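Heads up, the thing below is written out as structure tokens.
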Amino acid sequence: MSRLLCLIIVCAGFVCPFGAEAQQAAYPFRDVRLSADERLDNLISLMTLEEKINALSTQFGVPRLGIRNCGHAEGLHGLAYGGPSNWGSRNPAPSTIFPQAYGLGETWDEELVRKVAAMEGYEDRYYFQSPKYLRGSLVMRAPNADLARDPRWGRTEESFGEDAFLVSRLTVAFVKGLQGENPGYWQTASLMKHFLANSNEDGRDSSSSDISERLFREYYGYTFYKGIVEGGSRAYMASYNAVNGQPMTSNYDLLTGVTVNEWGNNGIICTDGGALGMLVADHKAYPTMAEGAAASIKAGITQFLDVSKPHVQEALRLGLLTEKDIDKAVRGNFFVALKLGFLDDNDPYAMIGVKDTIDPWTLKVTKDFVREVTAKSVVLLRNNRNLLPLQADKIRKIAVVGPYANEVIPDWYSGSSPYSVSIVEGIRNAVGANVEVVYSPANRADAAVTAARDADVAIVVVGNHPNGGPNAGWAEARVMSDGREAVDRRALSIEQEELARVVFAVNPNTVLVVNSSFPFAVNWSEEHLPAILHVTHSSQELGNGLADVIFGLYNPAGRTNQTWPASIEQLPPMMDYDLSHGRTYMYSQEKPLYPFGYGLSYTSFAYSNLRFSQTALERDGEISVSVDIKNTGRTGGDEVVQLYVKYLNSKIERPLKQLKGFKRINIPQGSQATVQIPLKAEDIAWWDEAQHRFVVEPGNIRIQIGASSADIRLEKNLTVK
């Protein structure tokens, strides 16, 4: 007799004497001595068909069996219970808000990103368990593992960048931060978005992203693969679009065939909001909602973000689904519930919000950390004449002008921060009462000129509105260069650059701050202005973090995580998903405004002594690449050391170069450090469609070490055996 059957028999004898609580405690699914499969088998056997159908939603608890509802929450750069989209059922509550995900990507710092996600996950648990709140949802829709292949994409702000290796490392870090370090339980569950090849907004409800299997394996799917296999995520959201003509919501080959059967995802696969209806109305893949629901469940969907219950019931009535199909689907949901500690009393995170009763978003350590993250995300794009950093003791007046100088704008997936510090406020905080700070919103150019004319320095703040403009409607962007969910950008030039022109005409010490969710083609400013900085939206410490960089309290080391084109003409057609047609730094032959991996510092670094731990790289092995970095400037600072690979004799077309390692490191002034970056043979493999596997070619590759994709300092060939 199996151990599970013995426990079921024993439990049956406890039903009457001990009542409901004892009955729940005695269920075998609560016994941690059993395997996960045994526990899930028992749980599903105890559920009614009605309960199983209910569990196909984001509220997948079973109150009758003592399993609490969980739900989903947004969390791309902080827990979202509020914000412009009213996450949290129109009952806003404060949470710590970091820079947009795009800004987190510009830090190029895996450990920092892990800590951001860990703090977010902690706050979510705190809300969920604190007697003061008892609200929230422990399945976090984050990170976004999509790749920003084109800066016109309206949701570029949600991505960590254009490069699959960089984004995969930050995706893994974010997943691990959300889920925590306990080997048996999760702090929160990381649900990655949006699988697969999802980087156009216009027509997304019916468009098809057409890609080769090799592109899927090496680029579009790689970040999700790493998030599952290395990060440990067991949840993701299917995208609206089709891939090669098959809508992702019912794409069995990719949802089940690859992510479940190959990669081992045994948790949640959910639709995006409204995707079930799009299968019928937009993709026209199925004639009825019942048929669409049945096809989605059989393809691997375990949760719907739509009203699905009547359609599932109809599919069962028509014989399009069986109860066994439902059992298979909800099993993944309850695996996530098991990992969150909902099926037993051994959850190591159960005391968060119970023993610690101080709201974490109110703590000074939290605020200081957000400020640090914000400063680390700032990219110094230009610094002619070493105008920056400014020295407050040598300045009497600063003019701050521009439409985004005096507000912190939360994006669509942002929560409600407990406070926010605008850029002009941060500058005032930095200089104190001894320096006059004059602010003009620049509704009129003459007001900006008046403010800037007799100032020692003028700071012009321009950018995009992350929600399409004040009071913009859904799928609306007020100007051509803006984009957001449901709207792709139609221009890369920025209309507000004219403001910088008129200010610079009266003040040669003009600093341009691009406060934006994506790149802009600020060609005139790059040619004429002495200093340009980039910082993303939404951070509650936006002003203080940026001011720390402007006044030299923090030496900038943010790096572009996406190529900044010089013009929109440099981009291939939006719906061309084939990178080899000239997209990203890997294949583009165009000279960009700012290359991938680019960013300046207030100090300088010298590279020397590139070396390998072994003379050759075995096809199933790993080596360590080492380089000495010396700070040769006048101040300490961070350097982001980047390792690229160039393929010298590949039998197939390979990228011009590919990022395969990076390390952000702080080096004091005058000091030298040795940076070691691992290089695995599997990271230089290519997908052989004929063999249906990754292949490592023997031969020579060139290891390139530098400060950006266009600033290679050292090169050395390496043999691959």
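One point on numbering: in my numbering, the residue at position 717 of the sequence shown is 706, and numbering is uninterrupted. Each residue gets a CB set at the ideal place from its N, CA and C atoms; glycine is no exception. On a predicted model such as this, the values are computed, not experimentally measured, just so you know.
Identity of the residue in the options nearest residue i by Cα
i, options, result
"residue 662", "115, 322, 620 and 41", "620"
"residue 649", "98, 609 and 693", "693"
"residue 288", "294, 243, 640 and 100", "243"
"residue 217", "200, 250 and 196", "250"
"residue 26", "628, 580, 444 and 317", "317"
"residue 297", "263, 521 and 270", "263"
"residue 273", "195, 335, 327 and 259", "195"
"residue 119", "346, 538 and 81", "346"
"residue 153", "52, 443, 651 and 531", "651"
"residue 134", "492, 124 and 182", "182"
"residue 57", "643, 325 and 623", "325"
"residue 668", "680, 656, 465 and 647", "647"
"residue 364", "476, 414, 149 and 530", "530"
"residue 79", "460, 267, 125 and 214", "125"
Nearest-angstrom Cα separation, counted from residue j out to residue i
i, j, result
"residue 402", "residue 109", "14 angstroms"
"residue 11", "residue 104", "Low confidence applies to residue 11: its pLDDT is 48, below 50, so where it sits in the model is not reliable enough to give any reading."
"residue 301", "residue 310", "8 angstroms"
"residue 315", "residue 322", "11 angstroms"
"residue 83", "residue 351", "9 angstroms"
"residue 31", "residue 340", "27 angstroms"
"residue 236", "residue 450", "41 angstroms"
"residue 653", "residue 170", "23 angstroms"
"residue 342", "residue 348", "8 angstroms"
"residue 559", "residue 29", "53 angstroms"
"residue 230", "residue 188", "9 angstroms"
"residue 353", "residue 220", "30 angstroms"
"residue 254", "residue 208", "19 angstroms"
"residue 495", "residue 145", "35 angstroms"
"residue 388", "residue 658", "32 angstroms"
"residue 386", "residue 67", "35 angstroms"
"residue 304", "residue 62", "29 angstroms"
"residue 701", "residue 595", "12 angstroms"
"residue 312", "residue 222", "27 angstroms"
"residue 543", "residue 65", "25 angstroms"
"residue 699", "residue 575", "11 angstroms"
"residue 696", "residue 612", "21 angstroms"
"residue 510", "residue 374", "22 angstroms"
"residue 481", "residue 506", "12 angstroms"
"residue 703", "residue 676", "28 angstroms"
"residue 707", "residue 687", "11 angstroms"
"residue 129", "residue 319", "18 angstroms"
"residue 524", "residue 538", "11 angstroms"
"residue 77", "residue 294", "15 angstroms"
"residue 24", "residue 467", "55 angstroms"
C-beta atoms of residue i and residue j nearer than 8 angstroms
i, j, result
"residue 418", "residue 533", "yes"
"residue 163", "residue 137", "no"
"residue 416", "residue 536", "yes"
"residue 589", "residue 512", "no"
"residue 673", "residue 634", "yes"
"residue 740", "residue 571", "Residue 740 falls outside the range modelled here, since the chain spans only -10 to 710, and no answer is possible."
"residue 608", "residue 685", "yes"
"residue 91", "residue 157", "no"
"residue 330", "residue 122", "no"
"residue 457", "residue 479", "no"
"residue 127", "residue 44", "no"
"residue 204", "residue 518", "no"
Residue i, enclosing beta strand (DSSP E) - first and last residue
i, result
"residue 371", "368 to 372"
"residue 789", "This structure leaves residue 789 out entirely; the chain is present only between -10 and 710."
"residue 570", "Element bounds for residue 570: n/a, residue is neither H nor E."
"residue 693", "688 to 697"
Continuous alpha helix (DSSP H) stretch holding residue i: start and end
i, result
"residue 277", "Per DSSP, residue 277 belongs to no alpha helix (DSSP H) and is neither H nor E."
"residue 106", "99 to 118"
"residue 269", "264 to 270"
"residue 412", "412 to 420"
"residue 300", "298 to 306"
CB contact below 8 angstroms: residue i versus chain C
i, result
"residue 665", "In the structure shown, chain C cannot be found, because there is only a single protein chain."
Counting only runs of 4+ residues fully inside the stretch 310 to 390, write out the alpha helix (DSSP H) ranges in chain order.
-> 312 to 328 and 353 to 366
May I have a chain-ordered list of the alpha helix (DSSP H) segments no shorter than 4 residues that lie completely inside the stretch 37 to 73?
-> 38 to 43
Which runs of the alpha helix (DSSP H), 4 residues or longer, sit entirely within the stretch 188 to 221?
-> 211 to 218
Identify every run of the beta strand (DSSP E) within the stretch 476 to 526, keeping only runs that are complete inside it and at least 3 residues long; order them along the chain.
-> 499 to 504 and 520 to 524
Completely contained beta strand (DSSP E) runs for the stretch 578 to 658, where each covers 3 or more residues = 594 to 601, 611 to 620, 626 to 636 and 647 to 656
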